[in-house]
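Q: After the structure tokens below, expect a handful of questions from me.
In the UniProt record's numbering, the protein residues as written are 1 to 224.
So this is what it looks like as structure tokens:
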């Protein structure tokens with residue numbers, strides 16, 4: 001089953017990160033940092049030069065099993081992980097994880113943490129750089145009337161809101177719109193073209209499950 005939807009101007013990690021090609025490029029042009037020592041000035045220059053890219057179309061497909069795009073890349077197994085982000089440039093991975101208080105409820109001040117696993121070295125955990133947090137990977141949350149539910153967006157695409165919901169003590173679920181459905185994202189993969197003067201995103205693929213049926217879904221976002 002395939003649903004075709006027009007992507008808004010402006011990635012989900014699906015739509016969560018999806019339409020924000022402009023800042024996914026910031027993140028990519030920072031190269032996500034291959035060694036944690038990317039020069040910020042160069043990253044900004046390259047990132048904003050590439051930020052004119054936009055998501056053109058999005059195709060959501062129901063599949064039998066979720067694809068593993070890069071079997072050679074490590075698969076993170078982080079406590080309270082909601083989803084993770086891989087890129088074709090290197091195995092360094094961005095982790096998005098829920099944060100809970102001692103009583104098992106979501107931390108209302110910071111319900112989600114985003115950070116790096118630097119798999120191209122020793123796999124150490126490192127925080128996002130300021131520019132990454134502000135323009136690419138960072139997440140912002142909004143409280144709702146229900147203290148167990150938060151609205152969430154990635155800074156690269158604030159127009160696209162996901163829902164973070166506590167489903168049990170110490171356990172939360174993230175859902176994001178995808179092709180008229182609600183998807184629970186597992187991971188996203190960004191295919192980067194590095195052949196030109198500036199890197200550019202070719203496609204963004206988001207793997208997850210239909211929140212209603214549990215069936216595997218893949219959203220493929222074509223970037224222009």
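Ideal placement from N, C-alpha and C gives every residue a C-beta, glycine not left out.
What you are looking at is a predicted structure, and each value in this text was computed from that prediction instead of being measured.
Can you give the Cα-Cα distance for residue 217 and residue 63, rounded to whole angstroms?
A: Each residue's alpha carbon lies about 6 Å from the other.
Q: Should residue 181 be flagged as near chain B, meaning a C-beta pair shorter than 8 Å?
A: Looking for chain B here will not work: only one protein chain is present.
Q: Specify the secondary structure class of residue 183 as computed by DSSP and reduced to three states.
A: In the structure shown, residue 183 sits in a strand (DSSP, three-state: E or B).
Q: Could you have a look at residue 83 and say whether DSSP puts it in helix, strand or coil?
A: Strand at residue 83.
Q: Would you mind reading off the limits of the beta strand (DSSP E) that contains residue 134?
A: It is not in any beta strand (DSSP E) - residue 134 instead sits in the alpha helix (DSSP H) that spans 130 to 135.
Q: What residues match up with residue 90 in a beta bridge as DSSP calls it?
A: Answer by DSSP bridge pairing, in chain order: 87.
Q: Which residues mark the beginning and the end of the beta strand (DSSP E) in which residue 205 is found?
A: Start and end: 200 to 210.
Q: Given this structure, state the Cα-to-Cα distance separating residue 86 from residue 190, to the nearest angstrom.
A: About 6 Å.
Q: Is it the case that the stretch 204 to 212 contacts the stretch 180 to 195, given that we only count it when at least three CB pairs across the two stretches are under 8 Å?
A: As far as the Cβ criterion goes, the stretch 180 to 195 touches the stretch 204 to 212, which means the pair count is three or higher.
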